[in-house]
Structures are given as structure tokens and as C-alpha cells.
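Trainee: Going by full-length UniProt numbering, the sequence shown wraps up at 84, each residue one higher than the last. No residue lacks a Cβ here, since even glycine has one placed at the ideal position from N, Cα and C. Keep in mind the model is a prediction, meaning the values are calculated, not measured. Okay, handing you the structure first.
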Amino acid sequence: MNNHSQIDKHNFIYPHYQYSGEFTPNNLVFNANFQEFSQRVSYICNLQTAGKLSVDESYKQIEILWEQLKQSFQSLNIEKDTNI
């Protein structure tokens with residue numbers, strides 16, 4: 001496999017998007033954490049759909065990921081947008 005198709009494969013399997021919100025270093029870090037969270041949840045859902053993980057195990061793993069994301073949000077001191 002040549003280098004160009006490896007890059008295409010990597011971008012397909014691990015999509016990431018530019019941050020378009022208000023720029024602060026903390027917001028950028030949280031955005032990266034959120035993208036990783038959503039990617040992992042997608043994998044867990046796919047494994048559960050394919051029968052590789054039970055519903056309970058999938059729920060537990062997603063719950064752990066959610067707690068990690070919440071801790072990230074809190075530790076980065078990001079203000080909640082109350083206008084939403």
C-alpha cells in the first residue's frame with residue numbers, strides 16, 4: 001500500500017475536524033477530547049451491533065468514557081454556554 005492510500009485510510013478510519021468555535025487553548029483541548037470520545041463511542045456501538053460486546057459491557061464502557069469527558073470539561077474550566 002503506498003503512502004497516499006495509507007493516509008486516505010487513516011483519515012477514513014480516524015476522521016477529525018477543525019475546531020470552529022471560540023479559540024482558547026482549553027476549548028481546543030476539549031474539542032480534541034470530545035472527538036476522541038465520539039470516535040470511541042462509535043467503535044463500541046459497532047462492536048455491540050456486531051455481537052462482539054454485550055449491551056451491558058457497552059453501556060459500562062460508554063459510561064466510563066462519559067465520566068472521563070466530564071472530568072476533562074471540569075478540569076479545563078470551560079464555561080457552559082447558557083444561551084443554548
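Using only the alpha-carbon positions, how far apart do residue 48 and residue 56 sit?
Mentor: For the purposes of this step, residue 48 is taken as residue 48 along the sequence shown, with counting starting at 1. For the purposes of this step, residue 56 is taken as residue 56 along the sequence shown, with counting starting at 1. Computed Cα separation, rounded: 10 Å.
Trainee: Could you tell me if residue 30 is buried or exposed, where buried requires 16 or more neighbouring beta carbons within 10 angstroms of its beta carbon?
Mentor: Residue numbering aside, residue 30 sits at position 30 when the sequence shown is read from its first letter. Per the 10 Å Cβ criterion, buried.
Trainee: To the nearest angstrom, how far is the alpha carbon of residue 96 from that of residue 61?
Mentor: The requested residue 96 is not part of the displayed model; the chain covers only 1 to 84.
Trainee: Using three-state DSSP, classify residue 49 as helix, strand or coil.
Mentor: Walking along the sequence shown from the start, residue 49 turns up at place 49. Residue 49 falls in the helix class under three-state DSSP.
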